[in-house]
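Enquirer: Let me begin by handing over the structure; questions about it come next.
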Amino acid sequence: MVEIKQVKLDLLTPGKELGVLDNPTPKISWELVGTEKNWLQGAYQIRFKLSNGAIVNFSAVKSEKSTFVDWPWEDKKLTSKQQFGVSVRVASSEAPDQFSEWSDFFDFQVGILPTDTWEPKFIALKDQETALQEPPETLFRKEFHSAGDIVSAKVYSTALGAYEVEINGSKISTDYLAPGWTSYHNRLLHQVYDVSEFLTKGDNAIGARVSAGWWSGHLGFEGGRSNIYGTKRAISLLLEIVYTDKTVKQVITDESWQSSSGPIVMAELYDGETYDARLEQDGWSSPKFEAKNWSAVDVVEFSGKSILPQSFPYIRCVDTLQPQELITTPTGKKIFDFGVNMVGFVRVKKTYAPESHTIVLRHAEVLEKGELGVRPLRLAKATDSYTFSGKPEGEEWTPRFTSHGFRYCEVNNWYGELTKDSVEFVVISTDMTPTGTFDSSNTMVNKLHANAIRSMRGNFVGLPTDCPQRDERLGWTGDISQFAPTACFLFDCAPLLRNWLQDLFAEQKENNGVPPLVVPDIVEGLFTLSEGCAIWQDAAMLVPEALYEEYSDPQILEEQFQSMVDWIKALPKLQDKVLWREVTIQLGDWLDPTAPPDNPLLAMTDARLVADAYLYKILTVLIETSKTLGKSKELEYYTSMAEKCKKDFADEYLTVSGRSVSDTQCAYALAICFDLYADQNQVDRAGKRLAEIVRKGKFKIGSGFAGTPYITKALTKTGNSDFAYKLLLQTECPSWLYAVSMGATTIWERYDSMLPDGSINPGDMTSFNHYALGSVASWMHSVIGGLSKSEPGWKTFKVEPILGGGFTHTKVTHRSPYGLISVSWKLDGLDFSIEVTVPLNSSAEIVLPNGEKNQVGSGTWSFSCVLKEEDLTDKVEQAEKDDVSLRF
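Just so you know, we're using the UniProt record's numbering here: the sequence shown kicks off at 1 and counts up by one.
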C-alpha cells in the first residue's frame with residue numbers, strides 16, 4: 001500500500017516552529033513509502049485545511065511529479081501568520097484514477113512576511129551603556145490579562161542579540177541562540193512559537209532575556225571586535241492570542257514594558273558564560289511579581305533592511321552525552337572526557353554548594369601532556385562559571401548564551417564529591433534531519449565517516465562555519481564550497497544553506513559583485529581580499545550547484561543566478577585570456593600538508609593554476625544553470641567563455657602529453673575532474689601520472705583544501721581506483737586515517753593537527769573540528785558504497801560499487817527527495833551479492849562488478865554474480881612489480 005510519509009513546502013519540513021520565507025506561493029513536495037515494485041506516480045491531488053477548519057480540495061492532476069509541484073491555488077496566496085495544513089493523495093501510472101488514502105494533514109505556520117509591516121517595537125534596557133568586555137544579560141517583562149477560551153496563541157519575536165522568551169515562569173521553546181547569525185543590516189530573522197499551552201485564563205506575564213550573541217558580542221580573530229552590528233541589545237516581540245469568539249488580543253513590546261539586569265553577568269560566544277545565582281529574581285516572568293528596582297525601557301530603532309521569518313530549523317539540543325571518564329591530570333586537575341568532540345556546553349546537574357561558592361568549567365578539544373590543550377583556542381577563553389545561591393535542595397545550571405567545541409571539560413573548585421553523574425554534555429546544532437549513513441567492513445573508515453558527520457553537526461550551528469571552538473567560528477566560504485556536496489548527502493541542509501546564500505548575495509551587492517570571504521562578513525579590517533580569490537568566492541556558484549544536484553529545485557538557481565553572474569563579471573581576469581590576473585593573494589591549495597605550519601600559502605601547486613582551474617569549473621556551473629533556467633543568450637555567452645578558458649588553461653599549464661607544469665596531486669586531480677584536458681588520451685596519461693605521484697609519495701595525501709575533495713575521484717575516473725583505496729587506507733601522516741589512528745572523533749583542520757608524539761601542531765591554525773577535509777565521504781558513498789545520482793534530485797540513480805581496499809561488505813543509505821535509498825553489498829571470496837532498495841516513483845541502474853547491468857524501478861532488489869580472480873587484481877601491486885622490474 002502506498003502512503004505519503006512527509007509533505008514539504010519549499011524544502012521545509014512541517015512543524016509548529018516554522019516560517020515560510022517571503023514566498024506566498026511555495027512549491028509542494030511529498031515523500032512516498034511502500035513496497036510496491038516498479039511503481040510510478042500517475043496522478044496526484046492536493047487539499048488544504050484552513051485555520052477555521054474548512055477544507056479546500058484541488059482538482060486531480062495527471063503527473064508523475066512529486067517534488068516541487070507548483071502552488072495549486074492560482075487566485076490565492078499565503079498571508080502572514082496563516083496556519084494551514086496540506087494533505088496529498090496519489091495514484092499509480094497504471095491506474096491513475098484509483099487514488100490512495102489521503103495523507104494526514106501536515107501543518108505549516110507562516111511567519112510575518114516582508115510585504116507586511118513588523119509592528120512590535122525594539123525595546124532596550126534604559127540608558128544601557130556599551131559594555132566592550134563583559135556584556136551582561138538584560139531581562140524584560142510585562143503582565144497582561146487573558147479572558148476567554150483560546151484557539152491559538154503565537155509569539156513572533158526577534159532580537160538584537162541572543163534571546164529567550166518565557167511565559168508564566170516557563171521557557172516557551174527548546175531552541176538556543178535565537179535569532180541566529182545573519183547579515184543583520186540586510187536580513188534579521190524572526191522566530192515563531194506556539195505558546196497556547198503556557199497561557200492561563202486570567203493574569204499572565206511574559207518575559208524575555210537578551211544577551212550579546214553575535215549582535216554585539218566579541219567576534220573575529222587577532223583580537224576581534226565587539227559591537228559590530230550595534231551597541232544596544234533589544235527585544236522585539238508580538239504575542240497574538242485568538243479566542244473562540246474570533247476576537248484577537250495582542251501583546252507587543254513597547255514603552256509599557258519593564259527591564260532589569262539578570263543573573264548572567266558575562267556571556268560571550270568565544271569566552272563563555274558567567275552566572276551568579278545570587279542575582280536571580282525568582283518569578284520575574286510570572287504574574288504578580290514585585291518588580292522593585294526595575295526600570296522603564298528605551299525604544300530603539302532597527303535600521304536594517306528587512307525582518308524575515310526563519311525558514312530553516314532552529315538551533316536545539318540534538319544529543320546529550322555522559323562523561324566516559326573522570327581524569328586526574330599530572331597537576332591534579334579534574335577533567336571529564338565525554339568520548340567525542342562535539343559542540344555545546346556542560347550542564348551541571350542538581351548539586352549543593354554554599355552561597356557564594358563558584359565552580360569554573362574550562363573546555364578544550366584535546367589533551368596535551370595529560371593537561372587541557374587550550375593553545376589552539378587562541379584568545380577564546382571557553383570558560384563557564386557558576387556562583388551558587390546556597391539553596392539547601394541543590395541547584396542545577398545550563399548555560400544559555402554561549403557554546404564551545406570540546407571533548408574535555410576541566411572542573412575547578414567543585415564542592416563535595418565530583419563524579420561522572422555530576423554533569424552532562426548538551427550537544428547543540430541546527431536541528432537538521434540526518435539523511436546519509438555509511439557502514440563497512442573497515443572499522444577505521446567507518447570512524448572517518450562518523451567524524452565527518454560530527455564535524456558537520458558541530459559546524460552547522462545556525463550557519464556553516466569553519467570551526468566551533470577558537471576565536472573565529474566564521475562562515476568561511478571556502479570550507480562550504482568544498483564540503484557542500486557531502487553536506488547535502490549527510491543532512492537535509494538545503495533550507496539552512498539557502499538562507500546563508502541569501503546573506504552572501506546581500507553582502508556581495510555591497511562589494512561591487514565580489515562575494516565576501518566569510519558570510520556574514522565581519523572580517524573587514526582583519527583579513528580582506530578586496531578583489532576576491534578562487535574557491536572561497538566561488539561559493540556563489542559551487543554551493544547552489546550542490547543544492548540543485550541534490551534536490552533538483554530550480555528555485556535555488558533562480559534565487560542565486562544574479563549572484564553567479566555578478567561574480568563572473570567582477571572576477572579579475574586578464575584582458576586577452578579567460579584566466580585570473582594577478583591579485584593580492586590566491587589562497588590556492590590552502591593547508592597543503594607540505595607547506596610550513598606557519599605559512600599555509602606555500603603549497604606545492606601553483607596558486608594561479610588552482611584559481612584558473614576553478615574558474616573553468618564555475619563557468620561550467622553557469623552553463624548548466626543557464627540551461628536549466630532556459631537562458632539561451634547567457635548559455636551561448638558562457639559556453640564561449642568556458643571554451644576559451646579551457647584553451648587558455650591548457651596553453652598556460654598543460655603539455656600535449658597531459659603533464660602539468662605543477663606536477664602535483666592537486667593539479668592533476670583538478671584537471672581530470674574539471675574536464676580540462678582536450679581528449680581521452682591526455683586524461684589517461686594524466687591519470688597514470690597522478691597514480692605514479694601518489695604511489696611514489698607512499699600513498700600519503702599531498703594536497704590541501706583545493707585538491708583533497710578530488711584526488712580519489714580523479715584516480716577512480718581514470719581507472720586507478722586501487723590507488724584511491726590505498727590512499728584512503730593510509731594511516732601514516734598525512735592521511736585521512738592518521739587522525740583516526742590518533743583517536744580523532746571529528747575531522748581536523750590539518751592532517752597533522754596533532755603530531756605523532758601527541759603534541760599539538762605548532763601552527764596558530766590548529767582546529768580539531770573542521771569539516772572540509774571530510775569531503776572524501778562523498779567518494780566513499782559513490783565508490784565504496786556504489787551510490788550516485790544519475791540526474792539532479794535522485795529521480796534516477798546508479799548503483800555501481802567499485803571493489804578494492806579489502807572491503808568485504810558495505811551498506812550506504814540516503815534519504816533522497818523520493819524516499820530512502822539503501823545499498824548493501826557483500827563479497828565472500830569470489831561470490832558477490834547486493835541488495836538495493838529503490839524508493840517509489842524513482843528508478844535505478846544497478847551495475848555488478850562483472851559488468852552486468854540491471855534497470856529497475858521501485859522496490860527491493862537482489863542480484864549476485866561470481867567474479868573471476870582477475871576482477872580483484874590489485875593494480876597497485878602490479879605497478880610496484882613493474883617498478884621493481886624497471887629498476888632491475
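Using N, Cα and C, we set each Cβ at its ideal position, and we do this for glycine too.
Leaving aside the five residues before and after residue 561 along the sequence, list all residues of the same chain whose C-beta is less than 7 angstroms from its C-beta, in chain order.
Expert: Closer than 7 angstroms at Cβ, skipping near neighbours: 625 and 629.
Enquirer: Quick check: what's the CA-CA separation for residue 201 versus residue 152?
Expert: Going from the Cα of residue 201 to the Cα of residue 152 covers about 13 angstroms.
Enquirer: Check whether the Cβ of residue 38 sits closer than 6 angstroms to any heavy atom of the ligand ATP, and report yes or no.
Expert: Because no ligand of any kind appears in the structure shown, any question about the ligand ATP cannot be addressed here.
Enquirer: Mind checking who residue 194 pairs with in its DSSP beta bridge?
Expert: Paired residue(s): 154.
Enquirer: Would you mind giving the Cβ-Cβ distance between residue 209 and residue 164, rounded to the nearest angstrom? I have them listed as a contact below 8 angstroms.
Expert: Contact flag correct, Cβ pair sits at about 5 angstroms.
Enquirer: Measure how close the beta-carbons of residue 613 and residue 674 come, nearest whole angstrom, since I'm counting them as under 8 angstroms.
Expert: Sure, about 6 angstroms apart at Cβ, within 8 angstroms.
Enquirer: Report yes or no: is there a C-beta of chain C within less than 7 angstroms of the C-beta of residue 520?
Expert: The question asks about chain C, but that chain is absent: this structure has only one protein chain.
Enquirer: Short check: CB of residue 90 to CB of residue 100, under 7 angstroms?
Expert: Yes, these two residues count as a Cβ contact at 7 angstroms.
Enquirer: With respect to the beta strand (DSSP E) encompassing residue 214, which residues constitute its N-terminal and C-terminal limits?
Expert: Per DSSP, residue 214 belongs to no beta strand (DSSP E); it is in the alpha helix (DSSP H), 213-216.
Enquirer: What does a CB cutoff of less than 6 angstroms around residue 441 pick up in its chain, not counting 5 residues either side in sequence?
Expert: Contacts found: 807, 808 and 809.
Enquirer: Pairing CB atoms from the segment 398-410 with CB atoms from the segment 289-300, are three or more of them under 8 angstroms?
Expert: At 8 angstroms Cβ cutoff, the stretches do not touch.
Enquirer: Taking the CB atoms as reference points, tell me whether residue 654 and residue 662 lie closer together than 7 angstroms.
Expert: It is not a contact, given that the beta carbons lie outside the stated cut-off.
Enquirer: Are there 16 or more other CB atoms within 10 angstroms of the CB of residue 482, so buried, or fewer, so exposed?
Expert: Label assigned to residue 482: buried.
Enquirer: Any idea if residue 947 is buried or exposed, counting beta-carbon neighbours within 10 angstroms, 16 or more meaning buried?
Expert: As shown, the chain starts at 1 and ends at 888. That puts residue 947 outside it, with no answer to give.
Enquirer: Taking residue 137 as the reference, give the member of 476, 276 and 321 with the closest Cα.
Expert: Checking every option, the nearest Cα to that of residue 137 belongs to 276.
Enquirer: Could you pull the start and end residues of the alpha helix (DSSP H) that residue 489 belongs to?
Expert: Where residue 489 is concerned, the enclosing alpha helix (DSSP H) stretches over 477-490.
Enquirer: Please classify residue 569 as buried or exposed, where buried requires at least 16 neighbouring CB atoms within 10 angstroms.
Expert: Burial call: exposed.
Enquirer: What does the alpha-carbon distance come out to for the pair residue 349 and residue 146?
Expert: Between residue 349 and residue 146, the C-alpha separation is close to 36 angstroms.
Enquirer: Give me whichever residues DSSP pairs with residue 845 in a beta bridge.
Expert: Its beta-bridge partners are 798 and 855.
Enquirer: Quick one: grab the DSSP three-state call for residue 540.
Expert: Note: residue 540 maps to helix in three-state DSSP.
Enquirer: Alpha carbon to alpha carbon, what distance is there between residue 98 and residue 5?
Expert: Each residue's alpha carbon lies about 19 angstroms from the other.
Enquirer: With a cut-off of 8 angstroms on the beta carbons, I'd call residue 461 and residue 428 a contact; round off their distance for me.
Expert: Residue 461 to residue 428, Cβ: 6 angstroms. Contact.
Enquirer: When you compare each of 505, 416 and 845 to residue 854 by their alpha carbons, which one comes out closest?
Expert: Looking at the Cα atoms, 845 is the closest of the given residues.
Enquirer: Return the CA-CA distance between residue 133 and residue 609, expressed in angstroms with no decimal places.
Expert: Confidence at residue 133 is low in this model, with a pLDDT of 40, below 50, so its placement is unreliable and the value that follows should be read with caution. Rounded to the nearest angstrom, the two C-alpha atoms are 44 angstroms apart.
Enquirer: Run through DSSP, which three-state label would residue 646 get?
Expert: DSSP places residue 646 in helix when its eight states are reduced to three.
Enquirer: If we count Cβ pairs, one from each stretch, closer than 8 angstroms, do we get three or more for the segment 415-431 versus the segment 302-311?
Expert: No: the two stretches stay apart, fewer than three of their Cβ pairs being nearer than 8 angstroms.
Enquirer: In the DSSP assignment, what residue or residues form a beta bridge with residue 405?
Expert: Its beta-bridge partners are 343.
Enquirer: Which residues bound the alpha helix (DSSP H) around residue 166?
Expert: Where residue 166 is concerned, there is no enclosing alpha helix (DSSP H), although the beta strand (DSSP E) it sits in stretches over 162-167.
Enquirer: Roughly how many whole angstroms lie between the Cα atoms of residue 463 and residue 40?
Expert: Their Cα atoms are separated by approximately 37 angstroms.
Enquirer: Can you tell me the Cα-Cα spacing of residue 899 and residue 304, whole angstroms?
Expert: The chain is shown from 1 up to 888; residue 899 falls before or after that span and cannot be answered.
Enquirer: Please state whether DSSP places residue 902 in a helix, a strand or coil.
Expert: Nothing about residue 902 can be read from this structure; the chain reaches only from 1 to 888.
Enquirer: Straight-line CA distance for residue 131 to residue 26?
Expert: The predicted model places residue 131 with a pLDDT of 46, which falls under 50 and marks its position as unreliable; any figure quoted below should be read in that light. Cα-Cα distance, rounded: 43 angstroms.
Enquirer: Helix, strand or coil, according to DSSP, for residue 666 in the structure here?
Expert: It is helical.
Enquirer: Taking contact to mean 3 or more Cβ pairs, one atom from each stretch, closer than 8 angstroms, check whether the segment 698-716 and the segment 586-593 are in contact.
Expert: Contact between the segment 698-716 and the segment 586-593 is present, because at least three Cβ pairs lie under 8 angstroms.
Enquirer: Spatial neighbours of residue 518 within its chain, please: C-beta separation below 6 angstroms, excluding the five flanking residues on both sides.
Expert: Only 474, 475 and 476 meet the Cβ criterion.
Enquirer: Could you check whether residue 763 and residue 597 sit closer than 7 angstroms to each other, using their CB atoms as the reference points?
Expert: Yes. Within cutoff.
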